Each structure stands twice: as structure tokens, then as C-alpha cells.
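Residue numbering for the sequence shown follows the working numbering, starting at 2 and increasing by one per position. Every residue, glycine too, gets a C-beta built ideally from N, C-alpha and C. Bear in mind the structure is a predicted one, so any value in this text is a computation, not a measurement. Scroll down for the structure; my scribbles are underneath it.
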Amino acid sequence: MDRLIDRFAVILVALAAMLWGTDALFRAPLLRHLSSDRLVQSTQLVFMEHLILVILCLPLLWRARHEIRRLNAAQWQAIAAIGVGASALATVLFTLSFGYGHFIETLLLQKVQPLFAIVLANLWLRERISPQAWLWVPVALVGAYLLAIPDPLHPERAWADFHVLAAVFAVAAAALWGSATVFGRYALAGVGFTTLTALRFTFGLPALAVVLPLIGGLGAFGQYRAADVPIYFELALVPGLIGLLLYYRGLASTPASLATLAELAFPITGVLVNLYLVTPRQSITSWQVAGIAVLWLAIAALDFANARQPARLQPAAAA
Numbered sequence: 002m003d004r005l006i007d008r009f010a011v012i013l014v015a016l017a018a019m020l021w022g023t024d025a026l027f028r029a030p031l032l033r034h035l036s037s038d039r040l041v042q043s044t045q046l047v048f049m050e051h052l053i054l055v056i057l058c059l060p061l062l063w064r065a066r067h068e069i070r071r072l073n074a075a076q077w078q079a080i081a082a083i084g085v086g087a088s089a090l091a092t093v094l095f096t097l098s099f100g101y102g103h104f105i106e107t108l109l110l111q112k113v114q115p116l117f118a119i120v121l122a123n124l125w126l127r128e129r130i131s132p133q134a135w136l137w138v139p140v141a142l143v144g145a146y147l148l149a150i151p152d153p154l155h156p157e158r159a160w161a162d163f164h165v166l167a168a169v170f171a172v173a174a175a176a177l178w179g180s181a182t183v184f185g186r187y188a189l190a191g192v193g194f195t196t197l198t199a200l201r202f203t204f205g206l207p208a209l210a211v212v213l214p215l216i217g218g219l220g221a222f223g224q225y226r227a228a229d230v231p232i233y234f235e236l237a238l239v240p241g242l243i244g245l246l247l248y249y250r251g252l253a254s255t256p257a258s259l260a261t262l263a264e265l266a267f268p269i270t271g272v273l274v275n276l277y278l279v280t281p282r283q284s285i286t287s288w289q290v291a292g293i294a295v296l297w298l299a300i301a302a303l304d305f306a307n308a309r310q311p312a313r314l315q316p317a318a319a320a
């Protein structure tokens, strides 16, 4: 079974990214009942999500206690950067950008994530993308662009009233997530994918617990509604726990440089959820359908390239 999963590791990363794209379905109704301040509101949502995730992951942490004790200082630093930077801060920044009401534009800016990941993987992990894989990098980016912009021949229409702060938050989140792909790839040399998933949430929770009262006061912890608990659990389970477990299992057999391109599949479900459930009066365009097809073609080609030259988990020389 492991050999079969390794064979389709890039596709597994893409499927995980598509699960992340469903989060707008859960976040939109939750944001309406939290603080009116965007920063506090975003942090409140991500804090509750992480609280549930840490509770769910306690059995994983207990089972992996001996494995965790063997981590070295560099691996702890990588995991801390993932938990605090990607799991906590980046999610808050992305939710902030989404809160401005321009979901499509936020998704498009998130597509700069591979640039950060490829550069860092090259510098820190000494990864090299094969010439065959490089050919599909621009194809994947074009597919992501077609998917994110309903009318790619007139992109200025999508940006007509886009807020500059929303752009800053989206790009900052992309940088943190891109870096986390590389850090995750490194950390998987020392721990299993279930352990890394649990540790990611565990490091993110205390960071959020410190930030939330600083920006919203202690009263920020008292603005949750009991009626929203089922939605919080759905948010934590689907794009959260299940998505991250699939992602780290795929990343264990995929170079970070290829995994970050597979993550471009994120807006496939994101756009569909936005069009049919969040803002159902809109409709998907032929350009977006073409973008989905082009993106999956590129992901399949990258998966084939990875299968021909399978990844090996080795500690980074720079560490």
C-alpha cells in the first residue's frame, strides 16, 4: 500500500489542497457572529479551529511520544516555524484577506506561493527540479491563473475594487505557506506524517492563545456561539485534520518544489464552493473549466516525473 501511495504522492498533495479549498464553506457563516474587527475576528476563528484540532490530535501525540523525544534542535525549529508561522499566522492572514470580500483575488495572489517554496527548497534543501518537471511549471501556473480569474482577457475587472491590504495579507500568507512546505519536507525526515500534523496544530494553538487577548482583550474568548460548534468541528476535520494528514503523507514522498506546485489545486474546490455555495448568483466560466483541465494535466505530469525519480527523505545539509 505504501508503494502505491508513494507512486501517486503528488496527486495526494493535490487532493489535500482541494480539501483546503472547501474552508470558505465553513468560514463564511462563522465570521458573521464574531468580532466586528477583522483581525480579532480572524484570530478568533483560527484559535477555535486549532483548539478542536489539538484535542483531536492528543491520541496521535501520545502514540508518538517516543518518536518526538528523538527530534533534534533543527527539526524542532522547523516544526515550530510551521505551527506558529503557517498554521497560526498564515491562516489568520488568509482569513483577513478573505474577510474583505474578494475571494477570487485572494486565491489568485495565493498562487505566488510556489515561488517562495521553490527558491527556499533550492537554497536550503538543495533540491533540483528535473528538466521534465520544469516544463510543466508554467503550465501549472497558467492553469491556476485561468481558474482564479473568471475573464482572463480582462483581468482588470476582477481587481477594480480590490483592497491593497487584502493583497498584502494574501501574499504574506502565501510566503509563510510556501516556506512551511519546505520546513515540512525537512521535518518529515525525523517524524511520521501523523506526528507532524499533530505537532503543527499543537505549536499553533499557544501562539494564537497569546495573540488573541492582546488584540481583542479577554472578552474575545467569550464571543463564540454554541450553535456554531458543529461548523467548527467540520472546519477542523475536513480542510484541517483530514487535509493535513493527506498532505503530509504525500509530501513525505514528494520534493517540496513539486509539492508546492501540486498545491495549486487549492482553488479548484475553492472557486466551486465560492460560485455555487458562497455567492451562488455567479457561474463558472469556460476559462475556469479550461483552467481546471490544464491544472490537472500539469499535476498528472508532475506526478509522473516524481514517480520516475522518487524523492528520498534526507536531513538538509544546511541544518
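* Asked: Is Gln78 helix, strand or coil by DSSP?
  -> Along the sequence shown, one-based indexing puts residue 78 at 77. Three-state DSSP puts Gln78 in a helix.
* Asked: Going by Cα to Cα distance, which pick from Thr23, Ala15 and Phe170 is closest to Ala257?
  -> For this step, residue 257 is matched to residue 256 along the sequence shown. Ranking the options by Cα distance to Ala257, first place goes to Ala15.
* **Boundaries of the alpha helix (DSSP H) in which Asp7 is found, first to last residue** => For the purposes of this step, residue 7 is taken as the residue at position 6 of the sequence shown. Its alpha helix (DSSP H) spans residues Asp3 to Arg8.
* Confirm, please, whether the CB-CB distance from Leu31 to Leu46 is below 8 Å. => Taking the first residue of the sequence shown as 1, we reach residue 46 at position 45. Taking the first residue of the sequence shown as 1, we reach residue 31 at position 30. Cβ distance < 8 Å, so Leu46 and Leu31 count as in contact.
* **C-beta atoms of Leu197 and Ala210 nearer than 8 Å** => In the sequence shown, residue 197 corresponds to position 196, counting from 1. In the sequence shown, residue 210 corresponds to position 209, counting from 1. Against a cut-off of 8 Å, the Cβ pair of Ala210 and Leu197 comes out as no contact.
* To do: May I ask you to report which of helix, strand or coil DSSP gives Ile243?
  => To locate residue 243, count along the sequence shown from 1; it is residue 242. Ile243: helix per DSSP, three-state reduction.
* Quick one: residues in its chain with C-beta nearer than 7 Å to the C-beta of Ala302, no 5 flanking neighbours on either side, listed in chain order? => The residue given as residue 302 occupies position 301 in the sequence shown. For Ala302, where only same-chain residues beyond five positions count, the Cβ hits under 7 Å are Trp137.
* Nonlocal neighbours in the same chain, by C-beta distance under 6 Å from Phe95, ignoring five residues either side -> By one-based count along the sequence shown, residue 95 stands at place 94. Hits under 6 Å: Ala174.
* Same chain, Cβ closer than 7 Å to Ile293, neighbours up to 5 away in sequence not counted -> Numbered from 1 along the sequence shown, position 292 holds the residue referred to as residue 293. Only Leu148 and Ile269 meet the Cβ criterion.
* Between Gly22 and Gly271, is the Cβ-Cβ spacing less than 8 Å? -> Here residue 22 corresponds to residue number 21 of the sequence shown, with the count starting at 1. Here residue 271 corresponds to residue number 270 of the sequence shown, with the count starting at 1. The answer is yes: Cβ separation under 8 Å.
* Asked: Within 10 angstroms of its Cβ, does Gln289 collect 16 or more other Cβ (buried), or is it exposed?
  -> Working through the sequence shown from its first residue, we reach residue 289 at position 288. Buried: at least 16 other Cβ atoms inside 10 Å.
* Asked: Grouping DSSP H, G and I as helix and E and B as strand, with all else coil, what is Ile198?
  -> On the sequence shown, residue 198 is found 197 positions in, with the first residue counted as 1. Here the sequence assigns Thr to residue 198, which means Ile is not the residue at that position. DSSP places Thr198 in helix when its eight states are reduced to three.
* Extent of the continuous alpha helix (DSSP H) to which Gln45 belongs -> Numbered from its first residue, the sequence shown carries residue 45 at position 44. Taken as a continuous stretch (DSSP letters only), the alpha helix (DSSP H) holding Gln45 covers Arg39 to Arg64.
* Asked: Counting along the chain, where does the alpha helix (DSSP H) carrying Glu264 start and finish?
  -> For this step, residue 264 is matched to residue 263 along the sequence shown. Neither: Glu264 is in no alpha helix (DSSP H) and is coded neither H nor E.
* Asked: Is Ala308 helix, strand or coil by DSSP?
  -> If you number the sequence shown from 1, residue 308 lands on position 307. Residue state, collapsed to three classes: helix.
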